[in-house]
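J.: Those protein sequence lines, which keep their order, are chains Z and L.
Note that the working numbering gives residue 158 to position 148 of the first sequence, counting from 1, and the numbers run on in steps of one.
Note that the working numbering gives residue 82 to position 70 of the second sequence, counting from 1, and the numbers run on in steps of one.
The beta-carbon is built from N, C-alpha and C at its ideal position, and this holds for glycine as well.
Small disclaimer: the values here were computed from a predicted structure and weren't measured.
One structure follows; several queries about it will come next.
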Amino acid sequence: MANSSSILQQLGCVRSLFTTTTSRSTTLQTPMVGRRMLSTVYSAKPDPIPFPKGLPDQFYSQIPKRMRPDLAPKKLKIVPPPPAPQCKDAVAAVTQAQLKTLDPSGKRMRLFDYRRYARSVKPGDIIRVTFKNGDPFAGLVLSIKLRGADTSVLLRNQLTRVGVEMSVKVFSPNVESVEIVQRSEKRKRRARLYYMRQPRHDMGSVENLVTNYLRQKRALAGKKDRGNKKR
Amino acid sequence: MIQLKTMLNCIDNSGAAVVECVQVLKKKRPATVGDRIVVVVQKQRSFGSDSTGNSGIANKVRRGDIRHAVVVRARKEMQRPDGSLVRFDDNACVLINKAGEPIGTRMNGVVATELRGRQWSKILSLAPMHV
């Protein structure tokens, strides 16, 4: 190997002649495909000459700056990687913590998580939401957005013949109670019933259904204790 | 999102039925519920249905009149401080005079509660319903 390479070498590449054969035998193992110039024959990078010790101070100024030991580039500080996070999914952990305070019993979650609970509110149902300040809003559920603590439900109703839509954050402390007035008879084949906004599909006002429901509820409650009338 | 050329329903008994927005006041962006706008009356309420019965109250505005108005319903959803959204199916307004008092004496139709925080509580009390 060393022989054949020495034939290739020309007199021009003097440095390669001086290098020891033992060190070059390993470097020349690599095929020289694509190399055009003979002068580009690989050779190991020579070790830097150690800086002479005990040099008088006045000579330092004559040495090129990049070679001066006192001006050598500083070593890069390598910061160790931070420790692994304590929990794998921090967002899920925060959501759990929020839900624990907002919905300690988990009832609200069961009422709206239609992917996990069969008896939950589903699109197409009619529900009635009562707020802390007292005024209720009833409507047809067009969509349920399951987003952890930000879960919201879009209700549609017609008040004085004007369509009104309200998106309510289910876990909001403002929401006092949620009641299912009527479930849809058939399972809707859509998760988002936005087509119900079209006049052709619009359900109209659900106020009649809600008043009927409230009357029934009051009648049932009246059997238990009379005189507790609302409105 | 009420801006130049937006047509709105007028839901008071001032006599206007459909008005067109020509200016949004005190705002550099489209008007929403509670904002004051300048409108042109485009369509009057028909005399037959409303005014001939009690001829004493004739239409207070005519077609082509330029009036101020307050937006009471907007199709663009608006966010409440608690994160809930409210949207109506149409854009509607109530005509007011320069002092901010409503021209009509009655209103028909639901309005948004956002009017309360914006010194329009008189309109809110006139409305049959608010959301």
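With burial defined as no fewer than 16 other Cβ atoms inside 10 Å of the residue's Cβ, what is the status of Z:Asp145: buried or exposed?
T.: Walking along the first sequence from the start, residue 145 of chain Z turns up at place 135. The residue is exposed, with fewer than 16 neighbouring Cβ atoms inside 10 Å.
J.: Suppose you measure from the CA of Z:Tyr70 to the CA of Z:Arg78; what does that come to, to the nearest Å?
T.: Mapped onto the first sequence, residue 70 of chain Z falls at position 60. Mapped onto the first sequence, residue 78 of chain Z falls at position 68. Taking the straight line from one Cα to the other gives about 7 Å.
J.: Straight-line CA distance for L:Leu127 to Z:Cys97?
T.: As a first step, residue 127 of chain L is located in the second sequence; it is residue number 115 there, counting from the start. As a first step, residue 97 of chain Z is located in the first sequence; it is residue number 87 there, counting from the start. Approximately 46 Å between the Cα atoms of the pair.
J.: Below 8 Å, can you find three or more Cβ-Cβ pairs linking the region 181-201 of chain Z to the region 129-144 of chain Z?
T.: Yes, they touch.
J.: Quick one: any contact between the region 77-93 of chain L and the region 157-170 of chain Z, if contact means 3 or more CB pairs under 8 Å?
T.: The region 77-93 of chain L, when compared against the region 157-170 of chain Z, does not touch it at the 8 Å Cβ threshold.
J.: Say whether chain Z places a C-beta atom closer than 8 Å to the C-beta of L:Val122.
T.: On the second sequence, position 110 is the one that residue 122 of chain L refers to. Chain Z, which has a Cβ nearer than 8 Å to the Cβ of L:Val122, makes this yes.
J.: Fully enclosed by the region 117-196 of chain Z, which alpha helix (DSSP H) runs are 4 residues long or longer?
T.: Listed in chain order, they are 117-122.
J.: Does the distance from the C-beta atom of Z:Val220 to that of Z:Val174 stay below 8 Å?
T.: Translated into positions along the first sequence, residue 220 of chain Z becomes position 210. Translated into positions along the first sequence, residue 174 of chain Z becomes position 164. For Z:Val220 and Z:Val174, no; Cβs fall outside 8 Å.
J.: Let me check understanding here. Comparing Cα to Cα, which of L:Arg92, L:Ser26, L:Arg74, L:Val45 lies closest to L:Val3?
T.: Here chain L has residues from 13 to 143 only, and residue 3 of chain L is not among them.
J.: Buried or exposed: L:Ser26, going by 16 or more other Cβ atoms within 10 Å of its Cβ?
T.: Counting from 1 along the second sequence, the entry for residue 26 of chain L is found at position 14. Result: buried.
J.: What are the partner residues of L:Glu32, as DSSP defines its beta bridges?
T.: Taking the second sequence and counting its residues from 1, the one referred to as residue 32 of chain L is at position 20. BP columns for L:Glu32 point to L:Met19, L:Val52.
J.: Reducing DSSP to helix, strand and coil, say where Z:Ala82 ends up.
T.: Locating residue 82 of chain Z in the first sequence gives position 72, where the first residue counts as 1. Three-state DSSP puts Z:Ala82 in coil, outside helix and strand.
J.: What would DSSP say about Z:Asp67, mapped onto helix, strand or coil?
T.: One-based indexing of the first sequence puts residue 67 of chain Z at position 57. Here Z:Asp67 sits in helix by DSSP.
J.: For a test of the three-state rule: what should DSSP assign to Z:Ser33, helix, strand or coil?
T.: For the purposes of this step, residue 33 of chain Z is taken as residue 23 along the first sequence, with counting starting at 1. Low confidence applies to Z:Ser33: its pLDDT is 45, below 50, so where it sits in the model is not reliable enough to give any reading.
J.: If Z:Leu152 sits next to Z:Leu164, beta carbons under 8 Å apart, how far is it from one beta carbon to the other, in whole angstroms?
T.: Taking the first sequence and counting its residues from 1, the one referred to as residue 152 of chain Z is at position 142. Taking the first sequence and counting its residues from 1, the one referred to as residue 164 of chain Z is at position 154. Z:Leu152 to Z:Leu164, Cβ: 4 Å. Contact.
J.: Let's test the definition: count the other Cβ atoms within 10 Å of the Cβ of Z:Pro85 and tell me whether it reaches 16, buried, or not, exposed.
T.: Indexing the first sequence from 1 puts residue 85 of chain Z at position 75. Just to set this straight, residue 85 of chain Z is Lys in the shown sequence, not Pro. Burial call: exposed.
J.: Can you tell me which of L:Ala104, L:Thr125, L:Lys134, L:Asn120 puts its alpha carbon nearest to the alpha carbon of L:Val31?
T.: Indexing the second sequence from 1 puts residue 31 of chain L at position 19. It is L:Ala104 whose Cα lies nearest to the Cα of L:Val31.
J.: How would you call L:Thr18, buried or exposed, if buried means at least 16 neighbouring beta carbons within 10 angstroms?
T.: For this step, residue 18 of chain L is matched to residue 6 along the second sequence. Buried.
J.: Please classify Z:Arg218: is it buried, with 16 or more other beta-carbons within 10 angstroms of its beta-carbon, or exposed?
T.: Counted from its first residue, the first sequence places residue 218 of chain Z at position 208. Reading off the sequence shown, one finds Asn at residue 218 of chain Z, where the question assumed Arg. Exposed, since its Cβ has fewer than 16 Cβ neighbours within 10 Å.
J.: When DSSP labels each residue in this structure, what does L:Met90 get in the three-state scheme?
T.: Here residue 90 of chain L is taken as the residue at index 78 of the second sequence, counted from 1. In this structure, L:Met90 counts as strand in the three-state DSSP scheme.
J.: With H, G and I counted as helix, E and B as strand and the rest as coil, what does DSSP make of L:Ile41?
T.: What you label residue 41 of chain L is simply residue 29 of the second sequence in a count that begins at 1. Reading off the sequence shown, one finds Arg at residue 41 of chain L, where the question assumed Ile. Correct three-state label for L:Arg41: coil.
J.: Please name the residue in Z:Asn167, Z:Arg202, Z:Lys227, Z:Gly232 whose C-alpha comes closest to that of L:Asp101.
T.: Numbered from its first residue, the second sequence carries residue 101 of chain L at position 89. Comparing Cα positions, the closest option is Z:Asn167.
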